[in-house]
Amino acid sequence: MSNILLIAQITFREARRRKIMWAALILGAAFLLIYGVGLYFIHRELMREFAQRPQNLPTFLNMLVMMALYAVNFLMIAMAILTSVDTIAGEVGSGAIQAVATKPIRRAEILLGKWLGFAGMLVLYAALMIGGVLLSTWLVARYVPPHPIEGALLMLLEGLVLLNLSLLGGTFLSTLANGVMVFGLFGVAFVGGWMEQFGSMMHSETVVNIGIVSSLIMPSETIWRWAAYLMQPPLFRNFNASPFGSASQPSAAMIIYTGIYLIAVMTLALQNFRKRDL
Amino acid sequence: MTSSPAIETSGLRKEYGSKVAVADLTLQVGRGEIFGFLGPNGAGKTTSVKMLLGLAAPTAGSARILGRPLSDRQARRKIGFLPEHFRFYDWLTASELLTYHGRLLGMTPGACARQIPQLLDTVGLSHYGDSRLKTFSKGMLQRIGLAQALLNEPELVFLDEPTSGLDPLGRRMVRDVIRGLRGGGTTVFLNSHFLSEVEITCDRVAFIKEGVVVRTAELQHLVAGETSVEVRATGVTPAILDGLRQWAKEVRADGEHIHLVVNDEEDLPAIAAWVVEQGARLYALEPKRVSLEDLFLQIVGTSGEPR
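Quick note, the sequences are listed as chains C and F, same order.
As numbered in the numbering used here, residues 1 to 278 make up the first sequence, in order.
As numbered in the numbering used here, residues 1001 to 1307 make up the second sequence, in order.
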């Protein structure tokens, strides 16, 4: 265990030293600032507009929050992939891994330590960005979307799916090929998610099935849709088919599937890495 | 425990697809030996080291390191390794790098703090402990890599081309470090292209060619065992040439130049006296040691092209 923590610690230090953390923090702060200021003025306008029927205000506020969270969701995915895409392939390529792997440490400890480091960064980033969006919305408009905690956790889960896939790719692909693969899978899930939405609106079983298969291959989009479903007001769910929300409730089995998916991907990565000649 | 050899391999083999990198690595390195591992580029030296260190899994064969199987992680507590072209996280400082590796070896922070300044001094980097590795030259990186390999006061050290990128001072430092290790009873497995260095530092060498250990020998026997002698003399009769064979295993005459190969340098005064006694006029008699380089070319050279 101490070896895993040691590797996690050095992974964190790398992010700090190579200014990855600073870039993420500064640009994240800029994102939140623009969102907060924009929301302030929009909210002032909305207050005037909805003075007669204030019960409709939350619906608009929710749409704004979901748009911001949709962007955060994408940033988290990019963060999960970009931080970890080079870590195994790069160190194997440069030979830097050799001096580490010949120490009395398991290969699994190296990989799990890196995972822990990147997952930790992702948690911090999620806390900053999702927390920032929710907090500024509350400060400006005194509005909180439904199920904020569950929604945030699901978004984090999606980030972890990408992180595990990128670590797996690193055990057998070059850095670039790995990046192309993980983003490609994300694209598959994205388009599959849309197919499923349209399919269910048009009552086309075939199209829905295409969507389901793609979300089994890569469950990231489904998780986002579930997060969005939870964080929307119930009334809104009936007519909103946009990337920012979800019209159909994902099945609960999908969560279990995603859990198994995460473990399977990590197991495969550990196995690959253990057998790999460094 | 200490009675087992430092390294013992039998028929170790590594294939990458259809390419055979190492065909048959069979050797034994005793405790405390300074062992040179020689061979042309692409002969399988680095792959051999990688197998011994658990970085690459052998396709066949068996090996024990410090009396333990290759997969045993505990043995690695007692092993130091300087990879060829040492590369590491260049965003760390020299001290941070060594501390990190010390912790990986299971050293306490206190032990690291005690050991590291001393090691930095050994490799001539005592003023650079707080400098980032990205500001280091190739030679300095090699030095820090060497310090890294010595952190745990290892019983066995693998040095893969330790002097590559080093200036003459650095090469001398490596030589001194190896001498120090010998004094402390540490076994050293040295991969090197610098034959003159191997000649100075090693007790025993193995030659690897096309993935096979073709010869293992004690350096003393290899180098001191045969001495070639250039003689310049006039009035040398065929009888004298014949008579020289009592000392020399090879006699070649070319005019007044005679080339001898003798087994023992100690015979030279007797040879000189005898030649003069036989009535020849002796102008010069110059022993030329067979260098490791000659031997290397002899054993490996002729068809040493990579397959």
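Ideal Cβ placement from N, Cα and C applies to all residues, glycine included.
All figures in this text were calculated on a predicted structure; none of them were measured in a lab.
Between the CA atoms of residue j and residue i - distance to the nearest angstrom
i	j	result
F/Leu-1150	C/Leu-268	35 Å
F/Leu-1292	F/Asp-1090	37 Å
F/Lys-1249	F/Ala-1217	20 Å
C/Lys-114	F/Lys-1288	58 Å
F/Val-1205	C/Asn-3	37 Å
F/Lys-1045	F/Ser-1192	9 Å
F/Leu-1195	F/Ile-1144	23 Å
F/Ser-1071	C/Gly-211	45 Å
C/Ala-264	C/Gly-90	23 Å
F/Ile-1208	F/Leu-1159	16 Å
C/Met-181	C/Ile-223	19 Å
C/Gln-52	C/Val-208	41 Å
F/Gly-1110	F/Pro-1154	18 Å
F/Ser-1131	F/Ser-1095	8 Å
C/Gly-169	C/Val-161	12 Å
F/Ala-1006	F/Leu-1027	11 Å
F/Leu-1066	F/Asp-1024	20 Å
F/Arg-1175	F/Phe-1136	21 Å
C/Ser-204	C/Gly-151	29 Å
F/Gly-1183	F/Val-1198	17 Å
Proximity winner among the options, relative to residue i (alpha-carbon distances)
i	options	result
F/Gly-986	F/Lys-1019, F/Pro-1005, F/Gln-1028	Outside the shown range of chain F (1001 to 1307) lies residue 986 of chain F, about which nothing can therefore be said.
F/Phe-1081	C/Thr-83, C/Ala-101, C/Ala-89	C/Ala-101
C/Met-218	C/Leu-165, C/Ser-174, C/Ile-256, C/Asn-209	C/Leu-165
F/Ser-1003	F/Ser-1048, F/Gly-1030, F/Arg-1013	F/Gly-1030
C/Thr-175	C/Tyr-261, C/Ile-105, C/Ile-81, C/Ala-24	C/Ile-81
C/Val-123	C/Leu-33, C/Ala-68, C/Met-21, C/Ser-204	C/Met-21
C/Thr-83	C/Gln-55, C/Arg-13, C/Leu-135, C/Pro-54	C/Arg-13
C/Leu-5	C/Ala-108, C/Ala-24, C/Arg-44, C/Glu-45	C/Ala-108
F/Asp-1203	F/Val-1213, F/Gly-1211, F/Val-1214, F/Phe-1189	F/Phe-1189
F/Arg-1087	C/Gly-93, C/Gly-193, C/Ile-10	C/Gly-93
F/Ile-1271	F/Ala-1021, F/Leu-1244, F/Ala-1253	F/Leu-1244
C/Thr-87	C/Asn-178, C/Ala-24, C/Gly-120, C/Val-133	C/Asn-178
C/Thr-294	C/Phe-273, C/Tyr-261, C/Met-231	A question about residue 294 of chain C goes unanswered here, because the residues of chain C that appear run from 1 up to 278.
C/Glu-221	C/Tyr-40, C/Met-202, C/Ile-77	C/Ile-77
F/Glu-1210	F/Gln-1118, F/Glu-1084, F/Ile-1299, F/Gly-1061	F/Ile-1299
Beta-carbon proximity of residue i to residue j, cut-off 8 Å
i	j	result
C/Ser-215	C/Ala-189	yes
C/Gly-28	C/Val-140	no
F/Arg-1282	F/Val-1229	A small fix is needed here, since residue 1282 of chain F is Leu in this sequence, not Arg. The answer is no: Cβ separation not under 8 Å.
C/Ile-110	C/Leu-278	no
F/Ala-1239	F/Ala-1280	no
C/Leu-226	C/Leu-116	Going by the sequence as given, residue 226 of chain C is Trp instead of Leu. Cβ atoms of C/Trp-226 and C/Leu-116: not closer than 8 Å.
F/Val-1276	F/Ile-1258	no
F/Ala-1063	F/Thr-1009	yes
Coarse secondary structure for residue i, derived from DSSP in three states
i	result
F/Tyr-1283	strand
F/Thr-1108	coil
C/Ser-166	helix
F/Val-1236	coil
F/Asp-1254	strand
F/Met-1001	Note that F/Met-1001 scores 46 on pLDDT, short of 50, meaning its location in the model is unreliable; the coordinates nonetheless yield the value given after this. Correct three-state label for F/Met-1001: coil.
C/Lys-172	It should be noted that the sequence gives Phe, not Lys, for residue 172 of chain C. Coil.
F/Arg-1068	strand
F/Thr-1099	helix
F/Val-1300	helix
F/His-1127	helix
F/Gly-1036	strand
F/Val-1213	strand
C/Ile-260	helix
C/Gly-187	helix
F/Thr-1059	coil
F/Val-1262	strand
C/Ser-136	helix
F/Asn-1191	strand
F/Ala-1206	strand
C/Val-144	coil
F/Asp-1160	strand
F/Leu-1082	strand
Residue i - containing beta strand (DSSP E), residue span
i	result
F/Lys-1014	1007 to 1016
C/Ile-7	Premise fails: C/Ile-7 lies in the alpha helix (DSSP H), 2 to 17, not in any beta strand (DSSP E).
C/Phe-333	Past the edges of chain C, shown from 1 to 278, lies residue 333 of chain C, and the structure says nothing about it.
F/Val-1020	1019 to 1029
C/Asn-209	Element bounds for C/Asn-209: not the beta strand (DSSP E) but the alpha helix (DSSP H), 205 to 217.
Opening and closing residue of the alpha helix (DSSP H) in which residue i lies
i	result
C/Ala-99	96 to 101
C/Ala-80	57 to 84
F/Asp-1176	1168 to 1183
F/Leu-1146	1138 to 1150
F/Thr-1201	1195 to 1201
F/Leu-1268	1268 to 1277
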